[in-house]
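As structure tokens, the structure follows; a few thoughts come after it.
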Amino acid sequence: MAHSKGGTPLDFRNTEDLKKHVFSILDFYYPACIDHDKGGYINGFLDDGSINDTTTKHLVATSRYIYIFSIGGLLDGPAWCQEAARHGIRFLNNHHLDKENNGYFFELNGTEPENTSKMAYGHAFVLLASSIALKAGVEEAKEVLENVYEVVETHFWDSEHNLYKDEWDAAWTELSSYRGQNPNMHMCEAMLTAYEATGEEKYLDKAHTLAKAVSGKLAERSGGLVWENYTPDWQPDFEFNKNNTKDEFRPYGFIPGHQFEWSKMLMWIDRYKSEPWMKERAEALFQKGWDLGFDKEYGGIYFALSPECDVIDTDKNYWVMSEAIAAAALLAERTGKTDYLEFYDRLFKYSSDYFIDYKYGGWYQLLDRANERYSHVKSPPPKTDYHPVAACYQSIIALKA
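Quick look at the structure:
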């Protein structure tokens with residue numbers, strides 16, 4: 004039985020216990036993460052909550068903090084949740100926003116731009132953050148949502164392939180030849196969240212288009228699983244970043260965690276726009292992720308597979324477990340099959356045994372195959388525990404359905 008910070012057993016099928024777990028994560032970060040000096044949030048924490056990085060300001064981390072505090076507000080948390088989210092919206096507008104060219108700088112050192120790239124991945128998280136903040140009652144987020152949507156449609160959308168391109172320079176003059184599924188997956192999530200926040204069909208339509216393109220067309224090009232990296236005409240690129248499975252945004256391989264994440268997206272879209280192929284694809288991706296990724300000896304999900312589907316990275320990553328949990332919860336809700344609740348219990352039990360820190364709060368980031376930690380850094384930029392918070396939030400919705 005899992006235990007909360009106070010030692011009380013947690014039942015992860017109980018929505019009140021899931022809420023408690025979310026707030027134990029928020030309590031790990033807040034109020035220490037609020038940067039009263041430079042604005043925005045502090046991005047780097049050790050296991051015990053000590054700060055180890057006060058200068059890095061990552062667009063993805065800023066957005067993820069806005070997300071987790073907005074979820075706190077939506078789950079009827081303390082009043083500071085909404086104010087903590089508003090604090091991040093201000094920092095997006097004041098410092099990440101490129102006031103000359105529009106779009107959002109990827110990384111700052113304090114308040115100075117350090118990586119001025121305009122990344123689809125980062126913009127997806129700005130759309131996610133502004134959407135969930137708006138839903139949580141942060142009115143200033145509406146302006147951000149509308150602006151970032153215009154930016155991604157103007158600069159990133161590839162209408163020929165129904166996917167988003169990846170990376171521009173600051174002035175929107177040079178486009179990288181790289182294409183990736185990862186920003187498209189997070190754009191799908193952001194569009195769904197924007198739809199839930201606004202009720203505007205254009206966002207749902209875009210999420211549906213992306214899911215069909217990636218989980219259908221792209222997966223077919225690589226044998227049924229979603230590969231990570233692509234050429235400019237969206238063919239799988241099996242050479243890009245070869246064997247570098249540790250790239251935060253463009254890892255090499257078939258990533259089992261992303262098969263689960265797409266399974267979750269498909270079942271989320273299914274709530275609003277159900278088509279028979281969605282359940283079929285969602286179940287197939289979940290099953291393949293499990294069959295190829297589950298470590299029968301030590302538990303948990305392996306991180307990466309080769310083009311031939313051999314395991315090439317046996318590490319266990321916190322976000323992979325979170326996404327598998329969310330996928331299991333949504334599949335249980337949408338299909339009515341109790342098998343998925345058994346997967347849900349098993350995944351949460353493993354996460355509770357090895358990833359959740361019941362002493363200080365939050366989740367450890369990375370374990371080796373035998374479930375030992377590599378480091379005492381709990382939260383390097385841009386982690387913020389957005390994945391487990393999102394998984395709990397989605398599971399609460401699914402369990403209540």
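Here the sequence shown stands for residues 4 to 404, numbered as in our numbering. No residue lacks a Cβ here, since even glycine has one placed at the ideal position from N, Cα and C.
Option nearest residue i by Cα separation, candidates the options
i	options	result
Asn374	Gly365, Ser355, Gly364 and Pro383	Ser355
Glu170	Gly302, Asn118 and His211	Asn118
Arg182	Gly42, Ser162 and Asp236	Asp236
Tyr33	Gly75, Phe15, Phe346 and Ile135	Gly75
Ile328	Arg253, Gly303 and Gly339	Gly303
Thr157	Tyr198, Asn185 and Gly106	Gly106
Glu429	Asp50, Glu86, Asp294 and Lys403	Summary: the structure shown does not reach residue 429, with the chain confined to residues 4 through 404, and so no result is reported for it.
Trp230	His164, Gln184 and Glu192	Gln184
Lys121	Glu149, Glu223, Glu326 and Phe108	Phe108
Ala214	Val155, Glu204, Met281 and Tyr275	Met281
Tyr367	Arg16, Asp50 and Asp30	Asp50
Arg89	Glu264, Ser73, Glu110 and Asn165	Ser73
Asp298	Asn246, Thr338 and Leu370	Leu370
Tyr152	Ala123, Asp318, Lys276 and Ala393	Ala123
Ala393	Ala193, Asn97, His164 and Lys145	Ala193
Thr338	Ala144, Phe351 and Ala404	Ala404
Asn187	Glu163, Phe159 and Leu178	Phe159
Ser180	Trp293, Arg284 and Phe243	Phe243
Asp208	Tyr275, Glu163, Tyr389 and Val154	Tyr275
Ala216	Asn97, Val154, Val155 and Arg284	Arg284
Gly80	Lys102, Asp101 and Asp30	Asp30
Distance between beta carbons of residue j and residue i, contact taken as under 8 Å
i	j	result
Leu95	Val25	No, Leu95 and Val25 are not in contact; Cβ-Cβ is about 23 Å, not under 8 Å.
Leu195	Ala210	5 Å
Ser53	Gly364	About 13 Å separates the two Cβ atoms, so there is no contact after all.
Gly125	Val63	6 Å
Pro384	Thr59	5 Å
Trp265	Ser225	Trp265 to Ser225, Cβ: 13 Å. No contact.
Thr248	Asp316	4 Å
Spatial neighbours of residue i in its chain, beta-carbon cut-off 7 Å, leaving aside the 5 residues before and after
i	result
Lys65	Looking at the sequence itself, residue 65 is Thr, so the reference to Lys does not match. Once the five neighbours on either side are set aside, the close Cβ partners of Thr65 are Gly43, Tyr44, Gly91, Phe94, Leu95 and His99.
Asp161	Tyr167 and Lys168
Tyr301	Arg372, Ala373 and Asn374
Tyr347	Ile328, Ala331, Ala332 and Ala335
Leu228	Ala222, Phe257, Gln262 and Lys291
His379	Leu49 and Asp50
Leu148	Leu130, Ser133, Ser134, Leu137 and Ala197
His61	Asn46, Glu110, Pro384 and Pro385
Tyr389	Arg67, Tyr70 and Ile71
Val154	Asn105, Gly106 and His126
Inter-residue spacing [alpha-carbon to alpha-carbon] between residue i and residue j
i	j	result
Thr201	Thr18	25 Å
Cys405	Pro391	As shown, the chain starts at 4 and ends at 404. That puts residue 405 outside it, with no answer to give.
Pro310	Ala82	48 Å
Ala307	Gly256	6 Å
Cys84	Asp38	15 Å
Gly296	Val314	8 Å
Pro239	Asp250	17 Å
Asp56	Asp40	14 Å
Asp360	Ile272	32 Å
Ala330	Lys267	4 Å
Phe252	Ser134	22 Å
Ala127	Lys340	32 Å
Phe358	Asn112	30 Å
Lys362	Glu278	44 Å
Tyr353	Thr176	47 Å
Asp318	Tyr377	10 Å
Met190	Asn165	12 Å
Asn3	Thr212	The structure shown does not extend to residue 3, since the chain is modelled only from 4 through 404, so no value can be given for it.
Phe241	Pro254	11 Å
Asn104	Glu204	28 Å
Lys145	Ile399	25 Å
Cys312	Tyr305	12 Å
Leu269	Leu350	20 Å
Lys220	Leu178	23 Å
Lys102	Asp342	51 Å
Nonlocal neighbours in the same chain, by C-beta distance under 6 Å from residue i, ignoring five residues either side
i	result
Ala132	Ser66, Ile69 and Tyr70
Leu413	For the chain, the structure presents residues 4 to 404; residue 413 sits outside this window and is missing.
Tyr396	Ile74
Ser382	Phe48
Tyr206	Met194, Ala197 and Tyr198
Pro116	Phe108
The ligand GTP heavy atom lying under 6 Å from the CB of residue i
i	result
Met268	Ligands are entirely absent from the displayed structure, and the ligand GTP is therefore not among its contents.
Own chain residues within Cβ distance below 8 Å of residue i, not counting five before or after
i	result
Arg16	Leu344, Tyr347, Asp348 and Leu402
Lys245	Tyr255
Residue-chain proximity (residue i, chain C), Cβ-Cβ < 7 Å
i	result
Glu286	Absent from the structure: chain C. Only one protein chain is present.
- Task: Kindly confirm or deny that the segment 281 to 295 and the segment 232 to 248 touch, where touching means at least three C-beta pairs closer than 8 Å.
- Result: no
- So, do the segment 304 to 323 and the segment 253 to 265 have three or more beta carbon pairs nearer to each other than 8 Å? yes
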